[in-house]
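Taking it in order: structure first as structure tokens, then the write-up.
Protein chains: 2
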Amino acid sequence: MTTTTPSFPADSVGLVETRHFTFAQEEPFRLESGATLGPVTLAYETYGTLNRERSNAILILHALSGSQHAAGFHGPEERKPGWWDACIGPGKAFDTDRFFVICSNVLGSCYGSTGPASPDPATGKPYGLRFPVVTIADMVNAQVKLLDYLGIQQLLCVAGGSMGGMQALEWAAHHPDRLRAAIPLATTARHSPMQIAFSEVGRQAIYADPAWNQGDYYDKPAKPDAGLAVARMVGHITYLSEESMHRKFGRRLKDRERYGYEFQTEFEVESYLKYNGNNFTRRFDANSYLYITKAMDYFDLSAPTGSLPAAFANSAHLKYLVVSFDSDWLYPSYHSKELVSALTAVGADVTYLDIESSWGHDAFLLEVETMTDLLGSFLDRLAREEGVAPPEPALTQARPDTSPHPAQVRL
Amino acid sequence: MTTTTPSFPADSVGLVETRHFTFAQEEPFRLESGATLGPVTLAYETYGTLNRERSNAILILHALSGSQHAAGFHGPEERKPGWWDACIGPGKAFDTDRFFVICSNVLGSCYGSTGPASPDPATGKPYGLRFPVVTIADMVNAQVKLLDYLGIQQLLCVAGGSMGGMQALEWAAHHPDRLRAAIPLATTARHSPMQIAFSEVGRQAIYADPAWNQGDYYDKPAKPDAGLAVARMVGHITYLSEESMHRKFGRRLKDRERYGYEFQTEFEVESYLKYNGNNFTRRFDANSYLYITKAMDYFDLSAPTGSLPAAFANSAHLKYLVVSFDSDWLYPSYHSKELVSALTAVGADVTYLDIESSWGHDAFLLEVETMTDLLGSFLDRLAREEGVAPPEPALTQARPDTSPHPAQVRL
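These protein sequence lines map, in sequence, to chains G and F.
Position in the first sequence (from 1) plus 102 gives the number in the working numbering.
Position in the second sequence (from 1) plus 102 gives the number in the working numbering.
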């Protein structure tokens with residue numbers, strides 16, 4: 103479906119649509135815990151065109167609160183593009199003129215994929231806490247099914263930040279024959295106690311909300327919005343840096359000149375947190391927050407063997423671009439350095455950058471220029487070395503600034 | 103009252119008692135906001151003996167969740183001493199053989215001082231949110247009344263960490279004729295946006311608890327324990343460092359060997375947070391948490407003049423020992439460095455140390471050996487330079503290891 107939407111920017115993938123893929127309808131999907139699940143649906147989007155050799159596919163992996171909607175617009179009137187639109191599009195870091203970009207919502211999330219809000223086939227009612235605990239490995243195993251369905255034997259690359267980076271590492275470590283390269287950004291090979299602590303506080307805030315009701319609230323008048331908002335506020339603090347908070351808010355008061363000496367929102371930083379916390383409850387499911395943070399906390403690539411290099415023993419032939427940001431205190435640079443040491447130890451081709459940025463953990467979304475240069479040149483080299491042909495129609499075709507870009511893939 | 107309690111350690115102040123001082127019974131106490139309050143009670147304790155010249159008094163200032171019970175034991179069977187017992191006692195950093203140590207609970211707290219849980223004389227019922235918002239300046243102004251009552255014109259020193267350090271700075275900046283020296287530890291001259299953000303998330307967790315009921319819960323069957331516990335858990339994370347979390351907990355599981363794939367407390371760090379969060383609700387009042395965090399957020403010594411040096415313009419004759427800890431990310435070292443710059447700019451006598459420690463913000467309570475050396479030598483010099491005489495009985499008197507120490511001051 104190509105729609106004329108001249109209002110979108112020229113470097114946008116334009117109008118896009120979420121699609122759904124369902125599997126495990128007959129034989130259930132086996133999870134890392136040993137539990138089974140079925141049927142399983144993944145919501146996904148694609149941008150750009152797959153080349154004839156099916157060798158130009160890049161899988162984008164989203165973070166805790168992300169979705170499959172990584173680029174473009176869902177409607178002609180929509181003003182807010184997908185979450186990584188700054189990096190996905192014609193001429194952007196993930197150049198949709200050259201690459202076929204896929205983004206899938208993770209298992210357990212609430213954007214159309216199977217999760218705790220989905221109907222349990224056994225009862226017809228939402229799973230709630232009867233939904234099995236899923237892991238990063240389960241999320242990736244479900245994405246493998248999606249790739250099979252899309253007929254893509256080997257990805258050129260997987261890329262993601264934060265929890266997206268964990269999935270990228272899981273892909274590299276446990277499905278090394280299904281990809282050529284991995285780009286883990288602002289992430290870790292195992293969740294640290296501080297990361298677990300912040301996750302747990304978010305979960306405790308949700309548990310503390312009586313409306314949570316042990317996860318059974320889907321048919322109730324009230325949802326655990328208050329608890330979810332607090333969880334999101336905690337998260338938001340950890341995504342920023344001290345410096346970015348100083349710049350964004352300082353000690354400025356919101357719409358007032360002096361202290362009110364009362365318990366109202368007074369400082370700009372309070373107003374920001376409250377706004378974002380409340381806003382989040384309109385787009386996210388509290389149970390999904392529990393399940394996804396739990397998956398992140400369980401993530402430890404070194405656990406099975408006790409050593410991180412051993413985890414990549416079969417993945418030394420892949421290429422890696424590892425990026426951290428020096429003001430990211432939630433996923434500090436030393437996590438990436440440990441990862442780079444392990445990859446180097448097994449002889450992998452690793453490029454590592456610790457980028458100077460004041461944006462904290464959010465930098466992987468905000469340092470667009472740096473990311474465009476960095477990812478662009480890595481992908482350039484990768485495409486050259488792997489002999490990736492451009493998709494048809496040929497790249498050389500002129501694209502006037504005012505014309506829309508064909509956003510939907512034709513498989 | 104001197105009691106024989108041979109079970110206490112020889113370097114303990116022994117059995118101590120909280121006392122209460124009430125003022126503003128006739129003329130109400132005027133707060134920074136313009137509101138008035140009365141009567142006002144402060145709970146306090148003292149350790150050691152005031153000398154004849156009344157020149158050896160040190161005021162200890164507590165942090166957010168602290169109390170007047172800084173040292174010694176409240177009963178012969180009690181096993182847990184006051185919160186800064188490691189630093190207060192005969193031969194310790196604050197040597198009670200030489201100094202008369204006072205610690206007062208802050209206005210707004212819940213350990214016997216007037217706060218939101220106190221009865222409002224207008225109604226006879228607890229104030230709740232009708233309690234006026236208080237500031238660090240109000241807390242200190244109330245302590246000035248206590249000193250007047252104790253007949254102490256000039257303190258040798260004030261000392262405290264975190265919010266205690268804010269009070270120390272407030273004392274120095276606005277009551278410079280009432281003290282000779284100040285020891286602000288792990289603190290700031292103005293709360294940063296990140297500090298405000300963490301405070302606000304704690305408050306939002308309390309607001310989100312339906313049992314909070316706009317602060318009106320004192321005669322209700324349920325208290326906002328769930329919200330207060332979440333607030334405390336957030337706080338606890340900020341008091342630790344990444345390194346101390348790695349050491350204390352790592353990714354170790356609590357009483358189990360493998361993941362349970364369910365929403366139970368599994369990691370040791372989760373168990374620690376939950377235990378401390380729940381424990382806190384047994385000893386602290388949710389409304390006090392709101393009021394005291396608000397006082398910290400309002401704290402900005404530079405606000406009246408727009409400049410930190412100007413705040414200390416009349417306090418250049420005092421001596422300062424400023425201490426920060428390099429792993430403290432809640433009150434990072436640069437806050438102390440800004441303070442030291444300002445004090446140096448006005449020509450004050452400042453000693454500054456940024457101590458290497460892995461304990462994070464908690465270091466000011468845990469780095470006992472370093473603190474003992476550092477505070478000890480600063481106080482030694484101070485006592486010498488100020489010509490402070492030892493109290494009677496003279497210091498030279500032998501103190502056998504098994505004998506109790508006279509804990510209560512005789513004024």
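Positions of the beta carbon are idealized from the N, C-alpha and C atoms, including for glycine.
Interface residues of chain G facing residue i [CB-CB closer than 7 Å]
i, result
"F:V442", "In chain order: nothing, as chain G lies at least about 19 Å away."
"F:D250", "Under the 7 Å cutoff, chain G gives no residues; its nearest Cβ is about 26 Å from F:D250."
"F:A328", "A310"
Cutoff 7 Å: residue i Cβ touching any chain F Cβ
i, result
"G:V142", "no"
"G:P514", "What is shown of chain G runs 103 to 513, which leaves residue 514 of chain G out entirely."
"G:E344", "yes"
"G:Q316", "no"
"G:V336", "yes"
"G:S435", "no"
"G:V118", "no"
"G:A288", "no"
"G:S135", "yes"
"G:T107", "Residue confidence for G:T107 is low, a pLDDT of 48 falling below 50, so the modelled location carries little weight; the figure read from the coordinates is stated next. So, not an interface residue."
Cβ-Cβ distance between residue i and residue j below 7 Å
i, j, result
"F:A239", "F:L420", "no"
"F:G462", "F:S426", "no"
"G:A307", "F:A307", "yes"
"F:G267", "F:F201", "no"
"G:A165", "G:M241", "no"
"G:R305", "G:L392", "yes"
"G:L248", "G:L144", "yes"
"F:S294", "F:S460", "no"
"G:V260", "G:L355", "no"
Within-7 Å CB hit, residue i to chain G
i, result
"F:Y361", "yes"
"F:I339", "yes"
"F:M241", "no"
"F:E424", "Reading the sequence as shown, one finds Val at residue 424 of chain F and not Glu. Chain G, which has no Cβ nearer than 7 Å to the Cβ of F:V424, makes this no."
"F:Y400", "yes"
"F:A291", "no"
Burial state of residue i (16 or more Cβ within 10 Å)
i, result
"F:E64", "For chain F, the structure presents residues 103 to 513; residue 64 of chain F sits outside this window and is missing."
"G:L497", "At G:L497 the pLDDT is 45, less than 50, meaning the model places this residue with poor confidence; the figure from the coordinates comes in the next sentence. The residue is exposed, with fewer than 16 neighbouring Cβ atoms inside 10 Å."
"G:D464", "buried"
"F:V246", "exposed"
"G:T367", "buried"
"F:P323", "exposed"
"G:E469", "buried"
"F:P508", "Only weak support is given to the placement of F:P508: the predicted model assigns it a pLDDT of 35, under 50, and the value that follows is read from those uncertain coordinates. It counts as buried."
"G:N243", "buried"
"F:P493", "buried"
"F:S114", "buried"
"G:R334", "buried"
"F:P234", "buried"
Rounded separation between residue i and residue j - CA only
i, j, result
"F:A159", "F:P111", "24 Å"
"F:Q127", "F:R483", "41 Å"
"G:K387", "G:G226", "According to the sequence provided, residue 387 of chain G is Asp. The question's Lys does not apply to it. Each residue's Cα considered, the two are about 19 Å apart."
"F:V208", "F:E147", "12 Å"
"G:D456", "F:T216", "51 Å"
"G:L287", "G:R486", "22 Å"
"G:I190", "G:T198", "7 Å"
"F:N381", "F:Q297", "23 Å"
"G:T472", "G:A188", "12 Å"
"G:P183", "G:V490", "28 Å"
Closer than 8 Å at the beta carbon, the chain F residues around residue i
i, result
"G:L364", "The residue you asked about is not Leu; residue 364 of chain G is Glu in the sequence shown. Per Cβ cutoff of 8 Å: V235."
"G:Q306", "A331, V332, M335, L375, K376 and G379"
Neighbouring residues, chain G, relative to residue i (Cβ below 9 Å)
i, result
"F:V371", "P295, M296, I298, A299 and E302"
"F:H348", "S294, P295 and M296"
Closer than 9 Å at the beta carbon, the chain F residues around residue i
i, result
"G:L231", "E364 and F365"
"G:G352", "S294 and P295"
"G:M431", "The amino acid occupying residue 431 of chain G in the given sequence is Trp; Met does not appear at that position. Going along chain F in sequence order, the residues near G:W431 (Cβ under 9 Å) are E344 and W431."
8 Å Cβ cut-off: residues of chain G touching residue i
i, result
"F:P312", "P312"
"F:L420", "In chain order: nothing, as chain G lies at least about 26 Å away."
"F:L392", "F365"
Under 7 Å from the C-beta of residue i: neighbouring residues of chain F
i, result
"G:D387", "Residues of chain F passing the Cβ test: none, with the nearest at roughly 15 Å."
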